[in-house]
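Here the structure comes first, spelled out in structure tokens, and everything after it is commentary.
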């Protein structure tokens with residue numbers, strides 16, 4: 036490196052360190068990810084730091100559909116709900132923001148912030164939901180996360196409603212969900228409370244919603260299965276091993292008569308699974324050959 040006078044100037048120490056420690060000939064994002072994996076294996080950087088760098092590299096390639104909470108897992112508030120009904124729903128789910136819809140869940144009205152209900156404390160008879168509904172940030176499933184992050188910052192929204200190609204509500208995504216793709220899981224006080232509850236939640240229709248990090252012993256005890264605990268510790272480990280990759284949202288695999296469907300995942304891990312008996316799955320009939 037030379038100055039304007041033509042004299043050589045010492046290379047900054049951080050640049051010299053990078054040159055000595057890294058192979059800077061990488062030609063693609065995949066090459067850089069491989070380099071970071073080698074850095075992690077050699078303990079050249081703390082594991083958390085490597086994870087964040089990998090998250091940054093993956094971030095620009097991810098779309099909203101890769102991290103959104105699917106429609107089936109959204110806690111809606113209905114436009115016709117009264118003050119007491121809304122309070123009961125908030126007390127049950129403990130979220131701070133809720134999509135507000137008409138009777139048809141595709142008819143989005145806006146977003147309600149739980150804190151906006153405080154103004155009606157002691158005068159519930161004056162409650163009018165239209166006075167506190169806020170406009171919703173609406174984004175398509177295909178939007179890149181880096182663009183969504185910019186929209187969150189510019190609009191100061193913390194939640195976006197995701198729509199499909201037919202303009203129907205297909206999910207939601209929060210500012211926290213986006214940040215977690217870079218920094219990893221962000222736990223709050225509600226996450227701590229949820230950790231004490233069951234990781235396997237039965238649904239009325241016979242399905243189970245399962246946290247991907249559920250220990251296999253716990254899963255076996257609840258569903259009566261007999262998955263081996265010698266090779267893997269969690270349900271996520273079994274699913275990833277069977278598929279041979281980190282699956283995307285919506286991917287499925289059948290194991291020992293049970294269908295495992297990925298409800299939520301990111302580039303590094305499975306987060307949430309839907310599990311149901313294979314006999315409950317719809318298997319399309321084969322079309323006879325002509």
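In the working numbering, the protein residues as written are 36 to 325.
Every residue, glycine too, gets a C-beta built ideally from N, C-alpha and C.
On a predicted model such as this, the values are computed, not experimentally measured, just so you know.
Check, Outcome
"Give the straight-line distance between the Cα atoms of residue 260 and residue 238, rounded to the nearest whole angstrom.", "18 Å"
"Tell me which residue opens and which closes the alpha helix (DSSP H) that residue 254 is part of.", "251-258"
"Which residue comes first and which comes last in the alpha helix (DSSP H) that contains residue 121?", "118-128"
"Closer than 7 Å by C-beta to residue 270: which residues in its own chain qualify, once you throw out the five before and the five after it? Chain order, please.", "245, 247, 249, 251, 254, 308"
"Look at the alpha carbon of residue 311 and the alpha carbon of residue 295, and state the distance between them as a whole number of angstroms.", "7 Å"
"I need the DSSP call for residue 161, collapsed to helix, strand or coil.", "helix"
"Am I right that residue 148 and residue 134 are in contact with their C-beta atoms under 8 Å? What's the rounded C-beta distance?", "Actually they are not in contact, since the Cβ atoms of residue 148 and residue 134 sit about 12 Å apart, beyond 8 Å."
"With respect to the alpha helix (DSSP H) encompassing residue 182, which residues constitute its N-terminal and C-terminal limits?", "180-190"
"Which whole-angstrom value is the C-beta distance of residue 98 and residue 200, which I expect to be below 8 Å?", "The Cβ separation is near 13 Å, so there is no contact."
"Could you check if residue 227 is buried or exposed, using at least 16 other CB atoms within 10 Å of its CB as the buried criterion?", "Any reading at residue 227 is ruled out, since the residue's pLDDT is 47, under 50, leaving its predicted position unreliable."
"In whole angstroms, what separates the C-alpha of residue 110 from that of residue 128?", "8 Å"
"Do the stretch 115-122 and the stretch 153-164 make contact, defined as three or more Cβ pairs closer than 8 Å?", "yes"
"Excluding sequence positions up to five away, which residues of its chain have a Cβ less than 7 Å from the Cβ of residue 170?", "145"
"Measuring CA to CA, which of 203, 138, 304, 132 is closest to residue 116?", "138"
"Residue 102: buried (16+ other C-beta within 10 angstroms of its C-beta) or exposed?", "buried"
"Residue 186 to residue 192, Cα distance in whole Å?", "8 Å"
"Using alpha carbons as the reference points, say which of 306, 213, 154 lies closest to residue 178.", "213"
"Would residue 106 and residue 241 qualify as a contact pair, given that the criterion is a beta-carbon distance under 9 Å?", "no"
"Rounded to whole angstroms, how far is the Cβ of residue 25 from the Cβ of residue 262, which I believe are closer than 8 Å?", "One cannot answer for residue 25 here, as it falls past the ends of the chain, which runs 36 to 325."
"For chain C, find out if any of its Cβ atoms is closer than 9 Å to the Cβ of residue 166; answer yes or no.", "Judged by its chain identifiers, the structure shown contains no chain C, having just a single protein chain."
"Return the bridge partner residues of residue 282 from the DSSP annotation.", "The partner list for residue 282 (beta bridge, DSSP) is empty, contrary to what the question assumes."
"Using only the alpha-carbon positions, how far apart do residue 272 and residue 278 sit?", "10 Å"
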